[in-house]
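Working notes for the structure below.
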């Protein structure tokens, strides 16, 4: 219920502190993925996450004669670099991809290194 959710976010017990620390971890990861976008994929448009633990970014400028959609780009990235992203076709725009950052900082950093080396 809404009262249970309110209690979880406001009580000082272990459940409330667990939620607070989880929120802090995701906020830190959000900052990490935005920094890595700027550093390793400069100029690639992205939507700064504001709620969920997903980053959307446009890969259209990374297409070539053979790769003409995010679906194809994601497939090639998975095969060649072992990084799984969700093509934007699932969300209405096959120029964009979705990346989850519900993982450790190390895994996120490694994924970005692999993505940036795929350009």
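In the working numbering, the protein residues as written are 711 to 829. Built from N, CA and C at the ideal position, the CB exists for glycine as well.
| Item | Value |
| --- | --- |
| I'd like to know whether the C-beta atoms of residue 811 and residue 750 end up nearer to each other than 8 Å. | no |
| For residue 762, I'd like the list of residues in its chain whose CB is within less than 6 Å of its CB, leaving aside the five on either flank, ordered along the chain. | none |
| Taking residue 740 as the reference, which of 829, 825, 828 and 815 has the closest Cα? | 815 |
| Would you grab the beta carbon distance between residue 746 and residue 829 for me? Rounded to a whole angstrom, and I think it's under 8 Å. | Between residue 829 and residue 746 the Cβ distance is about 14 Å, and since that is not below 8 Å, they are no contact. |
| Give me whichever residues DSSP pairs with residue 695 in a beta bridge. | One cannot answer for residue 695 here, as it falls past the ends of the chain, which runs 711 to 829. |
| On the CB-based measure, 16 or more other CB atoms within 10 Å of its CB, does residue 752 come out buried or exposed? | exposed |
| Can you grab the Cα-Cα spacing for the pair residue 769 / residue 803, in whole Å? | 11 Å |
| Give the C-beta separation of residue 743 and residue 818 to the nearest angstrom, bearing in mind that I take them to be a contact with Cβ-Cβ under 8 Å. | 6 Å |
| Which residue from 799, 789 and 765 puts its Cα closest to that of residue 781? | 799 |
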